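In full-length UniProt numbering, the protein residues as written are 1 to 202.
Don't be surprised by glycine CBs; every beta carbon is placed ideally from N, CA and C.
All values reported here derive from a predicted model rather than from experimental measurement.
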């Protein structure tokens, strides 16, 4: 299974992008591919998911690891395929998506094409307890709120990038990093959970 691809961005299409690497152009389906428009002709890194069926092989791409994780979580829900998941991500409101699942907001979820009330309920049921762990699927369940150790600055960078990919503002991120209690946190995923709790509590 491919994790990501690095190559020259050849061109952008309405439903995806073409990345050339070692003389081969790969078409990658994406939500809002024009986010990459400024990188045409330049080297880019795209996180990818390979979908294989009896008569088809497709690559789906994402602008960040966090966005790919959200996609993977969505397609794990019965009734949500890759196309539906991309449609949901195309709103570019990952922060709103996470909060809608956490807060059981059916109105938010049912505004996406192909997502009716029953499908929205399945999304909430399947993902509510794990959607905050978008940074790494295999992490442990969240610990109590603790302050992050000062000797692990890489966690802060990864945390800021993950929160930014979910749509939080620079001000919200700075406040969460500065004021959340990260004591004893050992993984980036745990740090993200702590920061999200802080932000959602206002």
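Kindly indicate which residue of the options has the alpha-carbon position closest to the one of residue i.
i, options, result
"residue 200", "4, 99, 155", "99"
"residue 190", "102, 166, 27, 130", "130"
"residue 167", "66, 10, 183, 84", "66"
"residue 63", "52, 107, 17", "17"
"residue 46", "198, 193, 90, 6", "6"
"residue 85", "31, 192, 48, 194", "31"
"residue 175", "184, 74, 186, 163", "163"
"residue 2", "68, 23, 165", "68"
"residue 161", "195, 179, 183, 119", "195"
For a test of your reading of the model: does the CB of residue i fall under 7 Å from any non-hydrogen atom of the ligand ATP? Yes or no.
i, result
"residue 187", "Ligands in the displayed structure: none, and consequently the ligand ATP is not present."
Please state whether the Cβ-Cβ distance between residue i and residue j is less than 8 Å.
i, j, result
"residue 61", "residue 28", "yes"
"residue 78", "residue 122", "yes"
"residue 112", "residue 87", "yes"
"residue 104", "residue 80", "no"
"residue 36", "residue 12", "yes"
"residue 89", "residue 109", "no"
"residue 106", "residue 117", "yes"
"residue 9", "residue 42", "yes"
"residue 198", "residue 169", "no"
Does DSSP put residue i in a helix, in a strand, or in coil?
i, result
"residue 133", "Low local confidence applies: a pLDDT of 42 at residue 133 is under 50, so the model's placement there is unreliable, and no value is given."
"residue 159", "helix"
"residue 69", "helix"
"residue 48", "strand"
"residue 178", "helix"
"residue 2", "coil"
"residue 21", "strand"
"residue 13", "strand"
Three CB pairs or more closer than 8 Å across the stretch 157-167 and the stretch 46-61: no
Completely contained alpha helix (DSSP H) runs for the stretch 77-104, where each covers 4 or more residues: 82-89, 94-102
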